[in-house]
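Below: one structure, written as structure tokens.
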Amino acid sequence: MSDLSRPVGPRIIAVANQKGGVGKTTTAINLAAALVEAGQRVLVVDLDPQGNASTGLGVDERDLTTYELLVDDAPLNSVIQKTNIEGLSIVPATVDLSSADIELISNEKRSFLLHDALRQTAMDAYLWDYILIDCPPSLNLLTVNAMVAAHSVLVPLQSEFFALEGLSQLMLTIREVRQAANPNLRIEGIVLTMYDRRNNLSQQVEKDARDNLGDLVFDTKIPRNVRVSEAPSFAMPVLSYDPNSLGAMAYRDLAAELMKKHKKIAA
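This is the structure we're talking about:
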């Protein structure tokens, strides 16, 4: 059994898509909440300078963030914050992170900073089952750090025109990271977001995705749902905001599908 199939410690997943507005942060925080609801312990690492994952999980105090973790080499246990959801913690982000690309360019270990930070010995005490990294909507040094640190990449794909076009560049980046720094990196899967089953375009995007990517596409589809859109303004995942909404149920299904896949791999 390889290290890929059964990673030591938590399973680290980068949630990435260089295209903005595809439901990336929404997927990161709601999948995290659904995994916690299913009995898992989860850490979200907010690697997006917009800090939307931090806002969406109700984090107001952000004195120490992923910027200090990467740029100032702050200890991991000083930057982790608990959220209002038991078993779910976060390393928050602020706009300071937007300068990290430039500040780290001269650091010869610049692509491995998050990898090393998430493997500090202090991690062992937390007993995380999953670490979800919310990447910025670009293929920059921060995203590369996430991919070097991760076991796999989860790609939210908006069910709209041109959705598949941007995937080729993302797949190329994943291939380059494999060759240069993380040979075991794999694609966790593609999850269709903002899906409207009444819309012919959504159905066509799903068909194209499954024809081109096959089993990489999750069975679960995240519907376009007003409760999912409203939840961040109340600083909570949709599972807390409206547990019975279609969006909440979809993220529970996604978490169950993800865990089932991992059990099958580990068997």
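The opening position of the sequence shown corresponds to residue 204 in my numbering, with each subsequent residue numbered one higher.
The beta-carbon is built from N, C-alpha and C at its ideal position, and this holds for glycine as well.
These numbers were taken from a predicted model, which means no experiment stands behind them.
Since residue i and residue j should fall inside the 8 Å C-beta cutoff, what is the C-beta to C-beta distance between them, to a whole number of angstroms?
i: alanine 231; j: valine 247; result: 6 Å
i: valine 245; j: leucine 335; result: 7 Å
i: isoleucine 390; j: serine 432; result: Not quite, the Cβ-Cβ distance comes to about 27 Å (not below 8 Å), so this is no contact.
i: valine 394; j: leucine 360; result: 7 Å
i: phenylalanine 273; j: alanine 303; result: Just to set this straight, residue 273 is leucine in the shown sequence, not phenylalanine. Right, their Cβ atoms sit about 6 Å apart.
Decide if residue i is buried, meaning its Cβ has at least 16 other Cβ atoms within 10 Å, or exposed.
i: glutamate 289; result: exposed
i: valine 380; result: buried
i: asparagine 220; result: buried
i: isoleucine 305; result: exposed
i: lysine 227; result: buried
i: glutamate 240; result: buried
Does the Cβ-Cβ distance between residue i and residue j come in under 7 Å?
i: alanine 453; j: isoleucine 425; result: yes
i: proline 339; j: aspartate 276; result: no
i: alanine 296; j: aspartate 266; result: no
i: arginine 430; j: aspartate 399; result: no
Restricting to Cα atoms, I'd like to know which of the options is closest to residue i.
i: arginine 322; options: Met374, Leu342 and Leu279; result: Leu279
i: histidine 318; options: Pro440, Val380, Lys464 and Met350; result: Met350
i: glycine 254; options: Val294, Leu272, Leu273 and Glu240; result: Val294
i: aspartate 337; options: Ala328, Leu357, Leu330 and Glu264; result: Leu357
i: tyrosine 270; options: Gly242, Val420, Ile216 and Asn348; result: Asn348
i: glutamate 363; options: Ala352, Glu409, Asn387 and Met326; result: Glu409
i: alanine 256; options: Leu291, Gly242, Leu273 and Leu272; result: Leu291
i: threonine 324; options: Leu260, Val441, Phe437 and Pro213; result: Pro213
Which of helix, strand or coil does DSSP assign to residue i?
i: leucine 552; result: Only positions 204 to 470 of the chain appear in this structure, which leaves residue 552 out of reach.
i: leucine 330; result: coil
i: methionine 439; result: coil
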